[in-house]
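Sequential numbering from 74 applies to the sequence shown in our numbering.
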Amino acid sequence: MSELPADQEPVLLDVGALQRRVLLTGVVTMVLFLAAGVTLSASGLPGWYVLPVAVLLYAFVVRPMMQPVRDAVRLRRDLAYQAFLEQRRG
Numbered sequence: 074m075s076e077l078p079a080d081q082e083p084v085l086l087d088v089g090a091l092q093r094r095v096l097l098t099g100v101v102t103m104v105l106f107l108a109a110g111v112t113l114s115a116s117g118l119p120g121w122y123v124l125p126v127a128v129l130l131y132a133f134v135v136r137p138m139m140q141p142v143r144d145a146v147r148l149r150r151d152l153a154y155q156a157f158l159e160q161r162r163g
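Below, the structure is given as structure tokens:
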């Protein structure tokens, strides 16, 4: 666990921005999934093709879009743990 240098202040998390990011990711994912389903249906491909498309959407769209949220949650957890340790010591 890395501690903050003495001259660096703790980072404040913008919870509203994180909530907007999660909402945006959900909307984009839903739209892309529906577009992929309509495209697959219109092209006459079998229904099981939706599974690989969903995996690709997750790997190349959802996961990268959610990276800042995962980083913020990790930072919040680390800061809370550091505060817990400081409280326990003193």
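By construction, the Cβ of each residue, glycine as well, lies at the ideal position given by its N, Cα and C atoms.
- F106 and G163 have their C-alpha atoms roughly 52 Å apart.
- Residue state for D87 is assigned as coil, using DSSP reduced to three classes.
- In the structure shown, the three-state DSSP call for G120 is helix.
- Here the segment 143 to 155 makes no contact with the segment 115 to 126; the two share fewer than three CB pairs at distances below 8 Å.
- In this structure, DSSP gives G163 a state outside helix and strand, which the three-state scheme calls coil.
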